[in-house]
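Following: one structure in structure tokens, then a few remarks.
There are 2 protein chains.
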Amino acid sequence: MAFVLGKLKFVFRCKKISFKNSLPKRCWASFPNISTINSIYTSEKFGQIRVEGWIIGIRKLKELLFIDVSDGSCPKKLQLTVDKNKVPKDLSYGASVKASGLLQTNKNNQIEVLVDDIKLVGKCHLNDGYPFAQRTPYNPNHDREFIHLRPRTQPFSSLLRIRHKIFLTFNELLDSDGFFNINIPVLTTNDCEGGGEVFMVKPDNNSLIKDMIKENKIEKQNEDEVFFGSKTYLTVSGQLHLEAVSRALKKVYSLGPTFRAENSRSRLHLSEFYMLEAEIAFINNINDINSVIELLLKKSIDKILSNYSEEIQSYYKLTGIKHEEQLNILNRILNENFTTITYNEAFDILDKKRNLFKQYPKKDETFSKEHELYLVEYNNGIPIFIVEWPEKSKPFYMKSVENLSDKVEAVDLLCPNVGELCGGGVREDNYDILKQKLMKENLDSKLDWYLQLRNFGNVRTGGFGMGFERFLQLLLGITNIKDTIPFPRWPHNCKL
Amino acid sequence: MAFVLGKLKFVFRCKKISFKNSLPKRCWASFPNISTINSIYTSEKFGQIRVEGWIIGIRKLKELLFIDVSDGSCPKKLQLTVDKNKVPKDLSYGASVKASGLLQTNKNNQIEVLVDDIKLVGKCHLNDGYPFAQRTPYNPNHDREFIHLRPRTQPFSSLLRIRHKIFLTFNELLDSDGFFNINIPVLTTNDCEGGGEVFMVKPDNNSLIKDMIKENKIEKQNEDEVFFGSKTYLTVSGQLHLEAVSRALKKVYSLGPTFRAENSRSRLHLSEFYMLEAEIAFINNINDINSVIELLLKKSIDKILSNYSEEIQSYYKLTGIKHEEQLNILNRILNENFTTITYNEAFDILDKKRNLFKQYPKKDETFSKEHELYLVEYNNGIPIFIVEWPEKSKPFYMKSVENLSDKVEAVDLLCPNVGELCGGGVREDNYDILKQKLMKENLDSKLDWYLQLRNFGNVRTGGFGMGFERFLQLLLGITNIKDTIPFPRWPHNCKL
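Protein chains in written order, with our numbering: chain A, 1 to 496; chain B, 1 to 496.
Dropping the structure here:
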């Protein structure tokens, strides 16, 4: 290996080759040469194969048993055709099996495995309280009672695969457009957005706290503040952190868990949920942010529908969603230009129909869910950006609209089914104005670092947050947000 | 649009076409036709361009100013060549600018922009405490004092870009190998692994708690349990959750934040860190898990070095890492087969050299960092899997080794620089043995759901966890873990 100019590139290449040679071919599959059902339907050749999975259906016909198996790799099942005499004892719905045999198409032109050998791996003790039975559709409320077994249902395993692909899609789209993923902290000493809706955090171990108090040599320290030296919360938004990084990497995002300690059990709220947040430097005004939101939504829905149409169609079918209605909703999002109206315009539309609502809209306050949904309906299901919000309805960091001092450059995007999907804004970039706003909120010493960002190579930034689970609700027509996430948390519910 | 068989596919396609037609061409860039420095060096044609960024260097030569600009898109800077008379007031190191001009190669064959127009966007008030100066390298300890400004340093902006790409690489590799990303919950009522090293969580708002106590109609409820109905913690591992899902989707993983309330300020520990956890169903024994770990490590390092070599080489240079030494370390990981030895073998190696260590190794206990690093050194820097661990040194859910009842099928992977990089194991899949183990730990009622998993279509599963930040330390030769994450948290430190 000659150490010459350009050596490093050479060394890197070198590695690649010798590495590929030295690796065993198998490894990922848990026992050699296992075919996944997904690979069988997409690429595998016919012939002798080995499969493993869980039984989701059994039928008998004369001397044969037809066993439908799922292995979680895709929505499709694989039919194992087994001679009655070869069937092990205790085979039932829900049991796990391994089998080998000949992959072929049968008389009905269906793919099947003509089984040589089938082994029971684990019995399903159906009478010990297994909550699912063969060919029986259940209500999501039923499945939610068994959160540890729910992934075994066909609709929910499908949901989990789609959720995974959507997660990847957002990451890939944002990466390809030059955004960098920044892991914002869950633990934060910054509670300025929460307004009482935050969770606080401390070590569970009291003797650890006592030891640290001794170590700290401070006599009357509040126990909640000992570990980190300051009261610590779970994040409600990584926006302020993203702002700091956007002032170096220009386009940044995060897609991680955020938290609300709200006593709400609505079909649109969780105590722990995922939020896609993006922040962009060198913007001009709110229209730049709206463009990014609209394009990201269209691009992601388009990519997901194109790449995972089979899984999504299967999900609609399994959950009883009407394909046509759901696709109409998505078609409008894909094909229509989103509408932009001001808060005042939106208020006037609602106020004229005030008697339709349980609660009248109140001037200069945020809208309720019924108001949001009405506005979208009024706009024929086309998403609406609401801009120019009353200052007092939004957090302190929003930039004032030029020549409209009581309004701020904030935006809410309203969509069918879910109402508010995104919220965003242009951040106050004027050092002096921001300083005043911070002082008014008594945050000037705590957020001194945030003000400092404007003092060194200042640029205007803006961004938005989008509820990831609400996006899933919109895309998949899911009524209850608790059915979009593997382990939902809400008041009185933190199972497992 | 004819509603015939195969309609859905058609509808999906239809959308795609009309959607692409209706979209504006711009959008992602914050003002039209801005070039990123990355695009200039990779694909852009010469000619008239517009750029924006922050000044990282200024030199004067006669009537010309040479201004080096970074926009965060890549490690490279772009030289703006400006006529002295066109330079706005207050231009300095750290200031933000927008410029337009002719992109060309100059006499020295360097790419430059011959600037027509340059505007100051935001002044950098260097005398107001800006902690960085032009062409001055700083110690990481210095940069860490200014966590909100640290992304503006060249080494740390590079680190953030690499971290982003590594995050993506793991997701892509695991996806392409059939793993599904499962978002494990941060909030959990399961504290069985923490052994006192967990954080507990409750709403910060006391009046919310009081209202909920009234609502719950339970007289003497512990305040810590009111919100979720049970004491709630921050997750230390998503393993048990992943096990539940692996018994439906077969191969699952998560890459998210996990937490430890340890009073440790070591260069290898954080209170909040990212962990890659994977769980695989239908495995045979620990070797299946070790194969996955070895292949994932080799594949990821290979892919990252191949795809991001320029950024990584630049990072090594900026941080003073010796390329050759660092590549030697990685070469061994890529090209050598990892070694597997038992706990007893490892103990004997250490025990023979006990006088080398601050603490003697203790039989049947875990090893300390110095022991781990010695074992790797002893093995010429080749990673080592340590298997067959004493039962009492590992959590209850580890499966006993056949014919060795006091040993369990657990594994630690030891690597250069960081010691333990991964920990994993085969989970106890025997219903009766697991039940006994749970009863012994007094967890049988709390983890009844976990036992149930074994009662319905049982399969053997196993998996591992890898510290994401430790992987970054290994790959990039980073001494202190606090320099691998944008907003590090450790005792007494939860800034921002």
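Ideal Cβ placement from N, Cα and C applies to all residues, glycine included. Because the structure is a prediction, the values reported are computed rather than measured.
Inset, instruction - Determine the chain B residues that contact residue 96 of chain A at a beta-carbon separation under 7 Å, and present them in chain order. - result: Going along chain B in sequence order, the residues near residue 96 of chain A (Cβ under 7 Å) are 457, 458 and 459.
Legend entry - Listed by chain order, chain A residues near residue 99 of chain B by CB distance under 9 Å: Taking a Cβ-Cβ cut-off of 9 Å, residue 99 of chain B has no neighbours in chain A, whose nearest Cβ is about 12 Å from it.
Inset, instruction - Would you mind stating whether residue 315 of chain A and residue 158 of chain A have Cβ atoms separated by less than 8 Å? - result: It is a contact, given that the beta carbons lie within the stated cut-off.
Legend entry - Interface residues of chain B facing residue 379 of chain A [CB-CB closer than 8 Å]: Near residue 379 of chain A there are no residues of chain B at all, since even the closest Cβ is about 17 Å away, more than 8 Å.
Inset, instruction - Could you tell me the boundaries of the alpha helix (DSSP H) in which residue 212 of chain B lies? - result: Note, residue 212 of chain B: alpha helix (DSSP H), 206-216.
Legend entry - Runs of beta strand (DSSP E) wholly within the segment 113-189 of chain A (minimum 3 residues, chain order): Segments of the beta strand (DSSP E) lying fully in the segment 113-189 of chain A: there are none.
Inset, instruction - Might you give, ordered along the chain, the residues of its own chain that have their beta carbon closer than 7 Å to the beta carbon of residue 258 of chain B, omitting 5 neighbours on each side? - result: Within the same chain, and ignoring the five residues on either side of residue 258 of chain B in sequence, the residues whose Cβ sits closer than 7 Å to its Cβ are 235, 236, 237, 273 and 275.
Inset, instruction - Please confirm if the segment 64-75 of chain A is in contact with the segment 210-225 of chain B, defined as three or more CB-CB distances below 8 Å between the two stretches. - result: Contact between the segment 64-75 of chain A and the segment 210-225 of chain B is absent, with fewer than three C-beta pairs closer than 8 Å.
Legend entry - Within the segment 240-298 of chain B, ranges of the beta strand (DSSP E) (whole runs, at least 3 residues): Whole beta strand (DSSP E) segments, 3+ residues: 251-259 and 272-281.
Legend entry - CB contact below 8 Å: residue 151 of chain A versus chain B: Under the Cβ criterion of 8 Å, residue 151 of chain A is counted among the residues facing chain B.
Inset, instruction - Identify whether residue 336 of chain B lies in helix, strand or coil by the three-state DSSP scheme. - result: Reduced to three states, the DSSP call for residue 336 of chain B is coil.
Legend entry - Beta bridge counterpart(s) of residue 439 of chain A as assigned by DSSP: Residue 439 of chain A is not bridged by DSSP to any residue.
Inset, instruction - Whole angstroms is fine: what's the gap from residue 221 of chain B's alpha carbon to residue 207 of chain B's? - result: Rounded to the nearest angstrom, the two C-alpha atoms are 15 Å apart.
Inset, instruction - Whole angstroms is fine: what's the gap from residue 162 of chain B's alpha carbon to residue 309 of chain B's? - result: Across the structure, residue 162 of chain B and residue 309 of chain B are spaced so that their CA atoms are roughly 10 Å apart.
Inset, instruction - Can you give me, in chain order, the residues of the segment 47-72 of chain B that have a beta carbon less than 7 Å from any beta carbon in chain A? - result: Those residues of the segment 47-72 of chain B that come within reach of chain A (Cβ to Cβ, closer than 7 Å) are 52, 54, 71 and 72.
Inset, instruction - Kindly provide the ranges of any beta strand (DSSP E) runs that are 3 or more residues long and lie completely inside the segment 40-118 of chain A, ordered along the chain. - result: Taken in chain order, the complete beta strand (DSSP E) segments of 3 residues or longer contained in the segment 40-118 of chain A are 47-61, 64-70, 78-83 and 96-105.
Legend entry - Helix, strand or coil at residue 199 of chain B according to DSSP, with G and I counted as helix: Looking at residue 199 of chain B - three-state DSSP - the assignment turns out to be strand.
Inset, instruction - With a threshold of 7 Å, establish whether the CB of residue 189 of chain A neighbours any heavy atom of the ligand FMN. - result: Only the bare structure without any ligand can be found here, which leaves the ligand FMN out of the picture.
Legend entry - Length at least 4, wholly inside the segment 399-449 of chain A: the alpha helix (DSSP H) runs in chain order: Here the runs fully enclosed are 431-440.
Inset, instruction - Mind checking the segment 161-177 of chain B against chain A and listing, in chain order, the residues whose C-beta falls within less than 7 Å of any C-beta there? - result: Per Cβ criterion, the list reads 161, 164, 167, 168, 171, 175 and 177.
Legend entry - Residues within the segment 219-233 of chain A neighbouring chain B, beta-carbon criterion of under 7 Å: For the segment 219-233 of chain A, which is checked against every Cβ of chain B, the residues closer than 7 Å are 227, 228, 229, 230, 232 and 233.
Inset, instruction - Within the same chain, show all residues whose beta-carbon is closer than 6 Å to that of residue 112 of chain A, passing over the 5 residues directly before and after it, in chain order. - result: Excluding sequence neighbours, residue 112 of chain A sits near 79, 81 and 106.
Inset, instruction - Take every Cβ of the segment 379-389 of chain A, pair it with every Cβ of the segment 429-436 of chain A, and state whether three or more of those distances are shorter than 8 Å. - result: Because the criterion of three Cβ pairs below 8 Å is not met, the segment 379-389 of chain A and the segment 429-436 of chain A do not touch.
Legend entry - Inter-stretch contact at 8 Å, needing at least 3 Cβ pairs: the segment 238-254 of chain B / the segment 177-188 of chain B: Yes: at least three Cβ pairs fall under 8 Å.
Legend entry - Other residues of its chain near residue 53 of chain A: CB distance less than 8 Å, five sequence neighbours each side excluded: Correct list, in chain order: 37, 69, 70, 71, 72, 78, 96 and 97.
Inset, instruction - Using a threshold of 8 Å, state whether the C-beta atoms of residue 476 of chain A and residue 245 of chain B are closer than that. - result: The answer is no: Cβ separation not under 8 Å.
Legend entry - Same chain, Cβ closer than 6 Å to residue 299 of chain A, five either side skipped, listed in chain order: If we look at residue 299 of chain A and ignore the five residues flanking it on each side, its Cβ neighbours are 173.
Inset, instruction - Count the other C-beta atoms from every protein chain shown that fall within 10 angstroms of the C-beta of residue 489 of chain B, then say buried if there are 16 or more, exposed otherwise. - result: Counting C-beta atoms within 10 angstroms of its own C-beta, residue 489 of chain B has 16 or more neighbours from the protein chains shown and is therefore classed as buried.
Legend entry - Sequence-distant residues of the same chain with beta carbon closer than 7 Å to residue 297 of chain A, five excluded per side: Result list for residue 297 of chain A: 333, in chain order.
Legend entry - beta strand (DSSP E) segment containing residue 385 of chain B, residue limits: That run of the beta strand (DSSP E) goes 384-390.
Inset, instruction - Could you tell me whether any Cβ in chain A is nearer than 8 Å to the Cβ of residue 42 of chain B? - result: Not one chain A Cβ lies under 8 Å of residue 42 of chain B.
Inset, instruction - Report buried or exposed for residue 67 of chain B, applying the criterion of at least 16 other Cβ atoms within 10 angstroms of its Cβ. - result: Residue 67 of chain B is buried by the Cβ-count criterion.
Legend entry - For residue 308 of chain B, the first and last residue of its enclosing beta strand (DSSP E): Segment: none, residue 308 of chain B is in no beta strand (DSSP E) and carries neither H nor E.
Legend entry - N-terminal and C-terminal residue of the alpha helix (DSSP H) that residue 464 of chain B is part of: Run containing residue 464 of chain B: none in the alpha helix (DSSP H); it sits in the beta strand (DSSP E), 461-467.
Legend entry - Partner residues on chain B for residue 396 of chain A, Cβ-Cβ distance less than 7 Å: Those within 7 Å of residue 396 of chain A in chain B number zero; the least Cβ separation is about 16 Å.
Legend entry - CA nearest to the CA of residue 260 of chain B, picked from B:198, B:353 and B:225: The residue with the shortest Cα to Cα distance from residue 260 of chain B is B:198.
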